[in-house]
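Taking it in order: structure first as structure tokens, then the write-up.
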Amino acid sequence: MNAKRIVLPIPTGAGVFLAHYSARGLAGLEFPRGNQLHRPSVAPRRSLPLPVRRWHRLAVQALRRALAGKAMVDLSPLDLSAGTLFQKRVWGALRRISLGKTMTYAQVATAVWKPKAVRAVGSACGANPIPILIPCHRVLRTNGQLGGFTAGMKWKRLLLEREGVRASVG
DNA sequence: AAACGGCAAAATG
DNA sequence: CATTTTGCCGTTT
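Going from the first sequence to the working numbering is simple: count from 1 and add 1.
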């Protein structure tokens, strides 16, 4: 099914993320693992396919800007082929939430024309393979609460704060 | 077929 | 108010 992926580290002020690349583009982004010393099994630079190198350069910039709460300029192609149709629709909706803005899970459900699939939207957000760059953290509960975040609420809070979003309720 | 969620609205105290 | 049902839906097992 899925072919081999190239994994490259993205050092940031918030830790070392891991970017996964397929033949089609950026396919995954892992949050830094607490004090884990895992392989960057990174192939030597010059053995990397040219497109991957280019994509990675873009990804590094995009992530650093995103973490700084700044708008990203360019983004490498994303490979979201692993997702279901519904998930891809949700992720598409997420990408349309501009910086500094938020949506509720219910609003996203309506945006994908499944107004009753509110809970399923939450699951789809949790299944987002490229968090931050696909801003699933910009989705909040209808009642103003933050809602959940698979990678941990610290991240969701941090990201929203850096984007200048009012933390309504904790 | 059943269980499980990053939810929401209604019911309840 | 805060908490507890009750309804919903895509995914996973």
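We put the CB at the ideal spot given by N, CA and C, even for glycine.
All of these numbers come straight from a predicted model, not from anything done at the bench.
For residue j and residue i, the rounded distance between their alpha carbons
{"i": "Glu164", "j": "Lys71", "result": "7 Å"}
{"i": "Asn129", "j": "Glu31", "result": "11 Å"}
{"i": "Ala168", "j": "Arg158", "result": "8 Å"}
{"i": "Val166", "j": "His138", "result": "11 Å"}
{"i": "Thr143", "j": "Ser124", "result": "16 Å"}
Whether residue i touches residue j by CB criterion (8 Å)
{"i": "Arg90", "j": "Ile135", "result": "no"}
{"i": "Trp92", "j": "Gly84", "result": "yes"}
{"i": "Leu141", "j": "Thr103", "result": "yes"}
Segment limits, beta strand (DSSP E) that includes residue i
{"i": "Phe18", "result": "16-22"}
Terminal residues of the alpha helix (DSSP H) in which residue i lies
{"i": "Glu162", "result": "154-163"}
{"i": "Pro52", "result": "51-68"}
Own chain partners of residue i with C-beta closer than 8 Å, once the 5 adjacent residues on each side are dropped
{"i": "Met154", "result": "Leu147"}
{"i": "Ala4", "result": "Ser23, Ala24"}
7 Å CB neighbourhood of residue i in its chain, flanking five on each side removed
{"i": "Thr151", "result": "Gly127"}
Bridge partners - residue i, DSSP secondary structure assignment
{"i": "Met73", "result": "Answer is none; Met73 lacks a bridge partner."}
{"i": "Thr111", "result": "Answer is none; Thr111 lacks a bridge partner."}
{"i": "Pro10", "result": "Leu19"}
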